[in-house]
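According to my numbering, the residues represented by the sequence shown are 297 to 524, in order. Comments concern the structure below.
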Amino acid sequence: MIRSYVIPDLHGRHDLLVGALDAIAARAGDEPVTVITLGDYVDKGPNSRKVIEALIALQAAPPSGWNVICLKGNHDALMRDACRRPETRDVWLAKGGEMALASYDPPEGDGRIPESHVRWLEGLQLMHVDAHRVFVHAGVDPERPLDRQTEQTVLWKRYPDDDGAGHGERHVVHGHDRRRDGPGHFGGRTNLDTQAWTTGRLVVGVFENDRPGGPVDLIEVVGPPFPA
């Protein structure tokens, strides 16, 4: 039995990422696992740089038996755009980018965010699909095939509370829509975003890969609220 462990929006909370990875390692033991991060690694919280560095290192040298999949969030796209197209910088800064930029102080030699970090943001997947689920940052359009979803939908969609649609027979697992009292379960989808960057409460969803539907377990990682 292979399980998927899903880490939602981190927004610069390197401490919660470390706690989540330690908890997954303790729970998984020697069993193979899939670890999926749902995007929004940057902005708002204190350590965007360290989150990116940790995930780059994890993908480069994962623990034995781990398959690590990092998805793109809307804030990751905003940061990438600001680095590539300076005219979008003010939009990024207004949505929490100032905190991400501050995490690069002291900056690299010429004051820019490292090119390796920008390339990593550019290369992030938009979604991951397995036999029973679709993993994505924000959501999907249930009326469109998965290979025809738009980046706008995948990164920015917000579901109405009464919308429990998955995608066909697949359960949708997402973040993006912050719920301090989450996670939220809505029939065909699960929203794991608990606004962890400020609440200090991160919830990792645990899914059995050969079993359809929502999570079979939840792992709660708790740190200090931000700001303290």
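We put the CB at the ideal spot given by N, CA and C, even for glycine.
So, for residue i: in the same chain, excluding its five sequence neighbours on each side, which residues have a beta-carbon less than 8 angstroms away from its beta-carbon?
i, result
"residue 505", "297, 298, 299, 300, 330, 426, 427 and 428"
"residue 367", "332, 333, 334, 335, 420, 421, 422, 423, 424, 431, 432 and 433"
"residue 323", "301, 502 and 515"
Here's a check: name, in chain order, each residue in its chain whose Cβ is nearer than 6 angstroms to the Cβ of residue i, leaving out the five neighbours to either side.
i, result
"residue 268", "This structure cannot speak to residue 268, because the chain is shown only from 297 to 524."
"residue 393", "339"
"residue 491", "474 and 476"
"residue 438", "461 and 463"
"residue 365", "332 and 424"
"residue 377", "384"
What is the rounded straight-line gap between the Cα of residue i and the Cα of residue j?
i, j, result
"residue 362", "residue 354", "10 angstroms"
"residue 518", "residue 454", "26 angstroms"
"residue 383", "residue 360", "43 angstroms"
"residue 499", "residue 421", "22 angstroms"
"residue 333", "residue 373", "15 angstroms"
"residue 511", "residue 441", "24 angstroms"
"residue 400", "residue 443", "36 angstroms"
"residue 470", "residue 408", "31 angstroms"
"residue 486", "residue 386", "32 angstroms"
"residue 397", "residue 307", "12 angstroms"
"residue 302", "residue 390", "28 angstroms"
"residue 524", "residue 341", "11 angstroms"
"residue 482", "residue 501", "14 angstroms"
"residue 515", "residue 316", "8 angstroms"
"residue 503", "residue 513", "7 angstroms"
"residue 445", "residue 435", "10 angstroms"
"residue 406", "residue 447", "With a pLDDT of 47 at residue 406, under the threshold of 50, the modelled position of this residue cannot be trusted, and the question is left open."
Go through its chain and collect everything with a Cβ distance to residue i's Cβ below 7 angstroms, but skip five positions before and after it.
i, result
"residue 310", "343, 346, 347 and 350"
"residue 520", "496"
Counting along the chain, where does the alpha helix (DSSP H) carrying residue i start and finish?
i, result
"residue 412", "411-418"
"residue 317", "310-324"
"residue 386", "385-388"
"residue 449", "447-452"
"residue 468", "It is not in any alpha helix (DSSP H) - residue 468 instead sits in the beta strand (DSSP E) that spans 467-470."
"residue 513", "It is not in any alpha helix (DSSP H) - residue 513 instead sits in the beta strand (DSSP E) that spans 513-518."
"residue 371", "370-380"
Relative to the alpha-carbon of residue i, which residue among the options has its alpha-carbon at the smallest distance?
i, options, result
"residue 379", "490, 473, 305 and 417", "417"
"residue 358", "320, 399 and 383", "320"
"residue 414", "444, 431 and 371", "371"
"residue 411", "447, 448 and 352", "352"
"residue 419", "317, 335 and 327", "335"
"residue 478", "468, 495 and 467", "495"
"residue 466", "318, 507, 322 and 448", "507"
"residue 484", "493, 472 and 468", "468"
Would you mind reading off the limits of the beta strand (DSSP E) that contains residue i?
i, result
"residue 504", "497-504"
"residue 432", "429-432"
"residue 297", "Element bounds for residue 297: n/a, residue is neither H nor E."
Am I right that residue i and residue j are in contact with their C-beta atoms under 8 angstroms? What's the rounded C-beta distance?
i, j, result
"residue 451", "residue 509", "Not confirmed; about 25 angstroms, so no contact."
"residue 593", "residue 489", "What the structure shows of the chain is the stretch from 297 to 524, and residue 593 is not part of that stretch, so it cannot be assessed."
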